[in-house]
Amino acid sequence: MRRGRAAVENLQILIIGGGIGGLTSAIALHRDGHTVTVIERDPTWSVYGVGIIQQSNVLRAAQSLGILEGYLAAGVGFDAVEIFMPSGQKIARVPGHAVAPGLPTNLGIGRPALHKLLGDTAIGLGAEVRLGITAAAIDDSSDAVAVTFSDGSSGTWDLVIAADGVYSTTRAQVLPDAEKPEFTGQAVWRYNFPRPADLDALQVYNGRTGVGLVPISETLMYMYVTTPEPDNPRYPTEGLAALMRDKLAGTAPAIQALAEQIHR
Ligand SMILES: Cc1cc2nc3c(=O)[nH]c(=O)nc-3n(C[C@H](O)[C@H](O)[C@H](O)COP(=O)(O)OP(=O)(O)OC[C@H]3O[C@@H](n4cnc5c(N)ncnc54)[C@H](O)[C@@H]3O)c2cc1C
């Protein structure tokens, strides 16, 4: 949403959502000389403690934001994907191809480490981050976008960016007829383990249950497990570890050995 001033320098910009999209936008816009406020619904501004794979196009974007060094230091680069049969037999090691010289083809990084890097950078550059509030009302019918927040405060901005995730309530507010996301029927289970010293690739185990092992630091890796869950169940927290172990029945011996370590 953009209203008002023709000049594009030093805009007052509101970003709704303090996730990857919102924070990278905040960093880029601050570097371009704009004044940015980020609002984040979660008062604790927390993320799940597993990891994320960032391909080299993401690293190239991080380079252009001036945060590549922090990215590389907070994660671990790897340049291959290894493919395994359900039996555990390795059938391929596929080298990656970096989109720019000097970058690893992939980087595994813990989500908390990435969140800290992006949050610290955005705040360090001067972005204001307001936690525990949402945009209750957005009016872009005049020269500026007027926003009333859930805590009763309000303000006007030249530009408002909705970065509040796939289930964006801002999109629903502004574009009520827009398409809505649909659940595909697939779920993913994830668990962190100590990283074996020789794990230098993303390891992918094919089969009815898809499993992957991803290095995310010198000492940590995570396992992801994809399962069909067409009814989109909400399992109680109590018993999730046992359920994840059950989902891994019939997988390769190396994966079952890890499954035995899944507790809590
Ligand atoms: C299980 C899983 C694994 C994934 N693995 C990978 C991977 O390996 N590599 C990869 O590149 N991508 C991966 N992704 C995708 C990646 O996580 C998303 O693309 C990314 O998180 C999108 O960032 P975002 O900022 O748009 O949204 P989000 O990360 O959802 O952030 C939205 C933020 O907005 C806040 N918010 C929500 N509503 C409001 C509101 N009304 N007002 C204010 N704040 C609000 C939320 O609390 C949150 O902080 C994965 C996703 C999932 C679910």
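Residues in the sequence shown are numbered from 32 upward in steps of one, following our numbering.
By construction, the Cβ of each residue, glycine as well, lies at the ideal position given by its N, Cα and C atoms.
Worksheet item: Quick one: what's got a C-beta closer than 6 Å to Q234's C-beta in the same chain, skipping five residues either side?
Response: Residue numbering aside, residue 234 sits at position 203 when the sequence shown is read from its first letter. So the list reads E113 and L244, once near-sequence residues are dropped.
Discussion item. Measuring straight from C-alpha to C-alpha, what distance separates V39 and L148?
Written reply: Translated into positions along the sequence shown, residue 39 becomes position 8. Translated into positions along the sequence shown, residue 148 becomes position 117. Between the C-alpha atoms of V39 and L148 there is a straight-line separation of about 27 Å.
Worksheet item: If you count every other CB in all the chains shown that lies within 10 Å of the CB of F109, and 16 or more means buried, which is it?
Response: As a first step, residue 109 is located in the sequence shown; it is residue number 78 there, counting from the start. It counts as buried.
Worksheet item: Under the DSSP definition of a beta bridge, which residues are partnered with Q43?
Response: Here residue 43 corresponds to residue number 12 of the sequence shown, with the count starting at 1. Q43 pairs with T66.
Discussion item. Helix, strand or coil, according to DSSP, for Q94 in the structure here?
Written reply: Here residue 94 refers to the residue found at position 63 of the sequence shown. Secondary structure of Q94 (DSSP, three-state): helix.
Worksheet item: Closest to T257 by CA distance: which of I247, A272, F180 and R239 is it?
Response: Locating residue 257 in the sequence shown gives position 226, counting from the first residue. The residue with the shortest Cα to Cα distance from T257 is R239.
Worksheet item: Do D182 and I164 have their C-beta atoms within less than 8 Å of each other?
Response: For this step, residue 182 is matched to residue 151 along the sequence shown. For this step, residue 164 is matched to residue 133 along the sequence shown. Yes, the Cβ-Cβ distance between D182 and I164 is below 8 Å.
Item to complete: Run through the region 80–165 for me and flag every whole alpha helix (DSSP H) of 4 or more residues, listed as ranges in chain order.
Response: Here the runs fully enclosed are 87–96, 99–105 and 142–156.
Worksheet item: Can you find a heavy atom of ligand 1 that lies under 7 Å from the Cβ of Q85?
Response: Translated into positions along the sequence shown, residue 85 becomes position 54. Relative to ligand 1, Q85 has its C-beta within less than 7 Å of a heavy atom.
Practice prompt. Specify whether the region 162–179 and the region 59–77 touch according to this definition: at least 3 beta carbon pairs, one from each stretch, less than 8 Å apart.
Written response: By the criterion of at least three beta-carbon pairs nearer than 8 Å, the region 162–179 is in contact with the region 59–77.
Discussion item. Can you determine whether any heavy atom of ligand 1 sits closer than 7 Å to the C-beta of T187, and answer yes or no?
Written reply: On the sequence shown, residue 187 is found 156 positions in, with the first residue counted as 1. T187 has its Cβ no nearer than 7 Å to any heavy atom of ligand 1.
Worksheet item: Got a sec: does ligand 1 put a non-hydrogen atom nearer than 7 Å to the Cβ of E249?
Response: Numbered from 1 along the sequence shown, position 218 holds the residue referred to as residue 249. The answer is no for E249.
Discussion item. What ranges does the beta strand (DSSP E) occupy inside the region 172–233, keeping only unbroken runs of at least 3 residues that lie completely in it?
Written reply: Listed in chain order, the complete beta strand (DSSP E) runs (minimum 3 residues) inside the region 172–233 are 176–180, 185–188, 190–193 and 217–225.
Item to complete: Assuming Y255 contacts V219 (C-beta within less than 8 Å), just tell me the rounded distance between them.
Response: Against the sequence shown, residue 255 aligns to sequence position 224. Against the sequence shown, residue 219 aligns to sequence position 188. Right, the Cβ-Cβ distance comes to about 5 Å (below 8 Å), so this counts as a contact.
Worksheet item: Leaving out the 5 sequence neighbours to the left and right, which residues in its chain are closer than 6 Å to L42 when beta-carbon positions are compared?
Response: In the sequence shown, residue 42 corresponds to position 11, counting from 1. Leaving aside the five residues that flank L42 on each side, the residues in its chain whose CB is nearer than 6 Å to its CB run, in chain order, H65, D189 and L190.
Practice prompt. Say yes only if the C-beta of E213 is nearer than 7 Å to one or more non-hydrogen atoms of ligand 1, and no if none qualify.
Written response: On the sequence shown, residue 213 is found 182 positions in, with the first residue counted as 1. For ligand 1, not one heavy atom lies less than 7 Å from the Cβ of E213.
Worksheet item: Nearest chain C C-beta to V178 closer than 8 Å, yes or no?
Response: Of the chains in the structure shown, none is chain C; there is only one protein chain.
Practice prompt. Keeping to the same chain, check which residues put their C-beta closer than 7 Å to that of G52; ignore five residues upstream and five downstream.
Written response: On the sequence shown, position 21 is the one that residue 52 refers to. In its chain, beyond the 5 residues on either side, A194 have a beta carbon closer than 7 Å to the beta carbon of G52.
Worksheet item: In terms of DSSP beta bridges, what is A288 paired with?
Response: Start at 1 with the first residue of the sequence shown, and residue 288 comes out as number 257. BP columns for A288 are empty, so no partner.
Item to complete: To the nearest angstrom, report how far apart M116 and G101 are at their CA atoms.
Response: For the purposes of this step, residue 116 is taken as residue 85 along the sequence shown, with counting starting at 1. For the purposes of this step, residue 101 is taken as residue 70 along the sequence shown, with counting starting at 1. Distance between the alpha carbons of M116 and G101 is about 36 Å.
Worksheet entry | Bridge-paired residues (DSSP) for T257 | Taking the sequence shown and counting its residues from 1, the one referred to as residue 257 is at position 226. According to DSSP, T257 bridges with V219 and G241.
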